[in-house]
Structure formats: C-alpha cells, structure tokens
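Undergrad: Dropping the structure in here first, questions after.
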Amino acid sequence: MDNEMKTMLPDVQSSHDGRNIPINRVGVRGVKTPLVVAGRDGEQHTVAELAMTVALPADQKGTHMSRFIAMLEEHGEPFSAETMRHLMLDMLDRLNAVDGTIEVRFPYFIRKTAPVSKLQSTMNYEAAWIADATNGVVTVRQIMVTPVTSLCPCSKEISRYGAHNQRSHVTTSLLLGAPMTLEEQAAIAEEAGSCQLWARLKRADEKYVTEYAYDHPKFVEDLVRDMAKALDDDERVQAYRVEAENFESIHNHSAYAWIEHDKRG
C-alpha cells in the first residue's frame, strides 16, 4: 500500500473510544512460526508458539494487530533471553505502549550421552521465554520443563523388594542477572532428580539408571528443595519459581510441590 492510499484510508484502531475502559492486554496469540534459538552448541531450529500483547489506553478504540506480525517477520536474531528484551522494547515502540507481554514456547533438543554405553541420542524438552513490561521496565523469565525419574523414599523403606518410581517434570522459571544456557538450566533440574533420563539406553545403561535411582530416592518435596538450594547458590539467578510434578505409578493422581523466591529482597 503506497503512502497516498494510506492517507485516504481511515485508521479506525487509533480512533477515540468513549467507554473509557482500559484493556490490560490485547494482541495476538497462537502464532506458530519457525524459530532459531541461540543454544550452547550453536543455533538450533525449532517451531514456536507465540503470544504478543500490549496494554490499551481507555480512550483508544483498538491496537494495530498487523504490527505484531510485522515485528516478528522483521526480527532476524536467534532468540535468547537478551533478544527477548530487545523484542519487547521494539514492540512497545511500534504499538506506542508502556506495558506489554511476549510469550514464546517451543520444544528444545539436547544431545546426551548414555552413562555406560556412551551412545548419543537427542532428548526433547519444553522451553519458554516470557518477557513482561510494566511502565516500560522489562523483565524476562527463562522457563524449562525437564523430565526426570523420581523414586519414592517411603516405598524403598517399607518394601522388601524394590521401590516404586515414576517420571517427573521439574519446571524452573528463572529471572537471570547473567546468561544461563537452556542446557545448564536442564542440567540443574536433572541433578535434583533421582536420576536423569536418556532417549537411548542399552542394557548396561538401564542397569545403571535403575540402581542410581534406587540409591537417590526423592519425594516431590525433595525435588523442589534441592532445586531451590541449587538456585540459591547460583549467583546468576535473581528470582525463581520451581515446580515438581510426579506422575505417580501407584496412584491415579500426581504429587505436586512448588517453591518461589526472590533473592533481590
């Protein structure tokens, strides 16, 4: 559309709205797009789902939805926590806003080496960045959902044979003062489990995993406390929320716990 045509067409979104009701967030969600992520071992190509929203003043009729997509199309850098900050500032500028939120969720893949056979395989994780701006001040949370094994300490203590275990999801949401790779974030969570997971295991690996988990029993409470201790000791972490969900193997429900802490005071 040339400049002359633009001047001829009314800008309805920018017109006045007489109801005088502000909108907390308005924008687009469910946007699926190819994404390049800056990883520890270089750039990784994945597919993401995004939501991009801003606050709308009480006297403005609507926001300019196409500007969200235009911004995304013109963004050329691999995504990271830092580029999310740049993207947020760009969005606020384009939409003439001071408050906004950008949420990017995507599968992330890490190459792992089996503990005994040393065979390599690719594990999938769920990752996200959530950038939020309030009065122009931007914060970015880096989120990772890490699957681990957890073995029940009570079951081990009271049973003559073995102990029940299950797959668990440890979710870490971090506000960082210095960069942390997604691989590092996953590794911290894996260390908190009874044992980490691999996509490919031989029999010798399976023996190792079974025995290692048996020697490191963890309640769901232990998972979040161990994660909290590790994050308290990490100077890069300014604030965190950690969640653990055990998909119980002897119950038709999950065990769940979370801890939240802001180290900034």
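Heads up: the sequence shown begins at 37 in my numbering, then just goes up one per residue. Don't be surprised by glycine CBs; every beta carbon is placed ideally from N, CA and C.
At the level of alpha carbons, what is the spacing between residue 300 and residue 69?
TA: Locating residue 300 in the sequence shown gives position 264, counting from the first residue. Locating residue 69 in the sequence shown gives position 33, counting from the first residue. One C-alpha to the other measures close to 35 angstroms.
Undergrad: Assign residue 104 to one of three DSSP states: helix, strand, or coil.
TA: Residue 104 sits at position 68 when you count from the first residue of the sequence shown. In this structure, residue 104 counts as helix in the three-state DSSP scheme.
Undergrad: Starting from residue 259 and walking both ways along the alpha helix (DSSP H), at which residues does that stretch end?
TA: Counted from its first residue, the sequence shown places residue 259 at position 223. Segment 256–268, the alpha helix (DSSP H) holding residue 259.
Undergrad: Kindly list the residues whose CB is nearer than 7 angstroms to the CB of residue 131, restricted to its own chain and excluding five residues on each side of it in sequence; keep chain order.
TA: Locating residue 131 in the sequence shown gives position 95, where the first residue counts as 1. 90, 99, 100 and 103, listed in sequence order.
Undergrad: If you reduce the DSSP assignment to three classes, tell me which class residue 109 lands in.
TA: Counted from its first residue, the sequence shown places residue 109 at position 73. Residue state, collapsed to three classes: helix.
Undergrad: Alpha carbon to alpha carbon, how far is residue 56 from residue 170?
TA: As a working mapping, residue 56 is identified with position 20 in the sequence shown. As a working mapping, residue 170 is identified with position 134 in the sequence shown. Residue 170 has its alpha-carbon roughly 21 angstroms from the corresponding atom of residue 56.
Undergrad: Give every residue of the same chain whose Cβ lies closer than 7 angstroms to the Cβ of residue 226, excluding the five residues on either side of it in the sequence, and list them in chain order.
TA: For the purposes of this step, residue 226 is identified with residue 190 of the sequence shown, where counting begins at 1. Excluding residues within five positions, the ones whose Cβ falls inside 7 angstroms are 182, 184 and 232.
Undergrad: Would you call the region 192–200 and the region 108–124 touching, i.e. three or more CB-CB distances under 8 angstroms?
TA: no
Undergrad: Along the chain, which unbroken stretches of the beta strand (DSSP E) at least 3 residues long are found entirely within the region 135–191?
TA: 136–149, 156–170 and 173–187
Undergrad: Within a Cβ cutoff of 6 angstroms, which residues of the same chain sit near residue 237, ignoring the five residues on either side of it in sequence?
TA: As a first step, residue 237 must be located in the sequence shown, where it is residue number 201. 150, listed in sequence order.
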